[in-house]
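2 protein chains.
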Amino acid sequence: MSKPQDLPRPTDAELDILAVLWSRGSSTVREVHEALQTRKPAQYTTILKLLQIMAEKGLVRRDETQRAHVYQASRPREWTQRQLAGDLLQRAFGGSARAFVLGALAAKRATKEELAELRRLLDEYEEGK
Amino acid sequence: MSKPQDLPRPTDAELDILAVLWSRGSSTVREVHEALQTRKPAQYTTILKLLQIMAEKGLVRRDETQRAHVYQASRPREWTQRQLAGDLLQRAFGGSARAFVLGALAAKRATKEELAELRRLLDEYEEGK
DNA sequence: CTTGACGTACGAAATGCTTCGTAGTAGTCT
DNA sequence: AGACTACTACGAAGCATTTCGTACGTCAAG
Numbered sequence: 001m002s003k004p005q006d007l008p009r010p011t012d013a014e015l016d017i018l019a020v021l022w023s024r025g026s027s028t029v030r031e032v033h034e035a036l037q038t039r040k041p042a043q044y045t046t047i048l049k050l051l052q053i054m055a056e057k058g059l060v061r062r063d064e065t066q067r068a069h070v071y072q073a074s075r076p077r078e079w080t081q082r083q084l085a086g087d088l089l090q091r092a093f094g095g096s097a098r099a100f101v102l103g104a105l106a107a108k109r110a111t112k113e114e115l116a117e118l119r120r121l122l123d124e125y126e127e128g129k
Numbered sequence: 130m131s132k133p134q135d136l137p138r139p140t141d142a143e144l145d146i147l148a149v150l151w152s153r154g155s156s157t158v159r160e161v162h163e164a165l166q167t168r169k170p171a172q173y174t175t176i177l178k179l180l181q182i183m184a185e186k187g188l189v190r191r192d193e194t195q196r197a198h199v200y201q202a203s204r205p206r207e208w209t210q211r212q213l214a215g216d217l218l219q220r221a222f223g224g225s226a227r228a229f230v231l232g233a234l235a236a237k238r239a240t241k242e243e244l245a246e247l248r249r250l251l252d253e254y255e256e257g258k
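Those protein sequence lines, which keep their order, are chains A and B. For the first sequence, the numbering used here begins at 1 and goes up steadily by one. For the second sequence, the numbering used here begins at 130 and goes up steadily by one.
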């Protein structure tokens, strides 16, 4: 009985690719490769191989009906982000949401607008709960 | 010109060990090993090797004056937490503090008390800024 | 039909992480 | 001293990650 939610945590390189797929939507290897050239140059086949591995792991889905296969993230950005946040929250912060948010704020130096946004977020969250 | 702040991101196994050092303070290999037995059983020499590697990387400091060397985390818990939070914030959330906190809340299902605590946190943060 | 462009598949090297066994050293007890 | 025990050091295996080269297939010009 395996939950379909169970996906391996994406590695660093895989996360870079997911970021492209999230922002571009379904893409060919070439498109992903080009999108990454500025931030993280790599050979075309490197990206290809990574996408193949990610497809095996279930991190992306592949449409093979076209000659150039089309890849898309198998989970929406928010879902994966939640997994990663929850994972780090447990592993590094012992489950303390307080320390977690404090860490984020300290790392980010949030602006006044962002702080306001966060308050609104807390309100909404408390409502919906 | 290398900043002394530059430390590699601890791996999963290393983070487990750091957690022990943070909560126990300076410890021998044996103490770390025993503390981990419940959560993550491993041979004694596995922990020893990890601590040796972590010392090389600068993640821990080693006091060799005793026969049983004594290890301590080279950075306080909060410092490392901030690094990790900032790292994930950049890599997975594109720097958006909003998505980051939302991810944490969604992953955690924070209690009413925690939410109140977080509001207080935002207030304090805005003050001190 | 041959060539070139463009695509996938795959093997494999380099590196990093994790684990553990073995060897050797130093102190302790009888 | 000899046997035991508690350490550290180190090599190496097994696995994952990352990177890339090479082989091979397909399609469209020329």
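Ideal placement from N, C-alpha and C gives every residue a C-beta, glycine not left out.
Among B:Ala164, B:Ala142, B:Pro139, whose alpha-carbon lies nearest the alpha-carbon of B:Val149? As a first step, residue 149 of chain B is located in the second sequence; it is residue number 20 there, counting from the start. If you compare the alpha carbons of B:Ala164, B:Ala142, B:Pro139 with that of B:Val149, the shortest gap goes to B:Ala164.
When burial is assigned at 16 or more other CB atoms within 10 Å of the CB, is B:Pro139 buried or exposed? Against the second sequence, residue 139 of chain B aligns to sequence position 10. With 16 or more other Cβ atoms from the protein chains shown falling within 10 Å of its own Cβ, B:Pro139 counts as buried.
Interface residues of chain A facing B:Gln210 [CB-CB closer than 7 Å]: For the purposes of this step, residue 210 of chain B is taken as residue 81 along the second sequence, with counting starting at 1. For B:Gln210, the chain A residues whose Cβ falls inside 7 Å of its Cβ are Ala92, Phe93, Ala99, Gly103, in order along the chain.
Run down chain A in chain order and give the residues with a C-beta less than 9 Å from the C-beta of B:Asp141. Indexing the second sequence from 1 puts residue 141 of chain B at position 12. Residues of chain A whose Cβ lies closer than 9 Å to the Cβ of B:Asp141 are, in chain order, Arg91.
Buried versus exposed call for A:Arg30 [16 or more other C-beta atoms within 10 Å across all chains shown]: Counting from one through the first sequence, the residue named residue 30 of chain A turns up at place 30. The residue is exposed, with fewer than 16 neighbouring Cβ atoms inside 10 Å.
Thinking C-beta only, is A:Arg82 closer than 8 Å to B:Ala261? The requested residue 261 of chain B is not part of the displayed model; chain B covers only 130 to 258.
Under 8 Å, Cβ to Cβ, is there at least one residue of chain B near A:Ala85? Within the first sequence, numbered from 1, the residue matching residue 85 of chain A stands at position 85. Yes, A:Ala85 lies at the interface with chain B (some Cβ there is under 8 Å from its Cβ).
CB contact below 8 Å: A:Lys108 versus chain B: As a first step, residue 108 of chain A is located in the first sequence; it is residue number 108 there, counting from the start. Closer than 8 Å to some Cβ of chain B, the Cβ of A:Lys108 qualifies, so yes.
Considering only the alpha carbon of each residue, which of A:Pro76, A:Gly86, A:Glu126 lies closest to A:Arg24? Here residue 24 of chain A refers to the residue found at position 24 when the first sequence is read from its first residue. Nearest option by C-alpha distance: A:Pro76.
Please name the residue in A:Gln5, A:Thr111, A:Phe100 whose C-alpha comes closest to that of B:Lys237. In the second sequence, residue 237 of chain B corresponds to position 108, counting from 1. Residue nearest to B:Lys237 within the set A:Gln5, A:Thr111, A:Phe100 is A:Phe100 (criterion: CA-CA distance).
Tell me where the alpha helix (DSSP H) around A:Asp63 begins and ends. The sequence position of residue 63 of chain A within the first sequence is 63, counting from 1. For A:Asp63, no alpha helix (DSSP H) segment is defined; the enclosing uninterrupted segment is the beta strand (DSSP E) at 60 to 63.
Proximal residues of chain B, C-beta to C-beta of A:Glu117 below 7 Å: Taking the first sequence and counting its residues from 1, the one referred to as residue 117 of chain A is at position 117. Ordered by position in chain B, the residues that pass the 7 Å Cβ test against A:Glu117 are Arg227.
Cα separation between B:Leu177 and A:Lys112? By 1-based counting over the second sequence, the position of residue 177 of chain B is 48. By 1-based counting over the first sequence, the position of residue 112 of chain A is 112. Looking at the two C-alpha atoms, the distance is approximately 46 Å.
Which residues mark the beginning and the end of the alpha helix (DSSP H) in which A:Ala19 is found? As a first step, residue 19 of chain A is located in the first sequence; it is residue number 19 there, counting from the start. Where A:Ala19 is concerned, the enclosing alpha helix (DSSP H) stretches over 12 to 24.
Say whether chain A places a C-beta atom closer than 8 Å to the C-beta of B:Leu136. Locating residue 136 of chain B in the second sequence gives position 7, where the first residue counts as 1. No, because no Cβ of chain A sits closer than 8 Å to the Cβ of B:Leu136.
So, is A:Asp16 buried or exposed, given that buried needs 16 or more other C-beta atoms within 10 angstroms? Position 16 of the first sequence holds residue 16 of chain A. Its Cβ being crowded by 16 or more others within 10 Å, A:Asp16 is buried.
Sequence-distant residues of the same chain with beta carbon closer than 8 Å to B:Gly224, five excluded per side: Mapped onto the second sequence, residue 224 of chain B falls at position 95. The beta carbon of B:Gly224 is closer than 8 Å to those of Leu218 in its chain, skipping five residues each way along the sequence.
Under the three-state reduction of DSSP, which class applies to B:Ala239: helix, strand or coil? For the purposes of this step, residue 239 of chain B is taken as residue 110 along the second sequence, with counting starting at 1. The DSSP-derived three-state label of B:Ala239 is coil.
Mind checking who A:Tyr71 pairs with in its DSSP beta bridge? Within the first sequence, numbered from 1, the residue matching residue 71 of chain A stands at position 71. As DSSP reads the structure, A:Tyr71 sits in a beta bridge with A:Ser27, A:Arg62.
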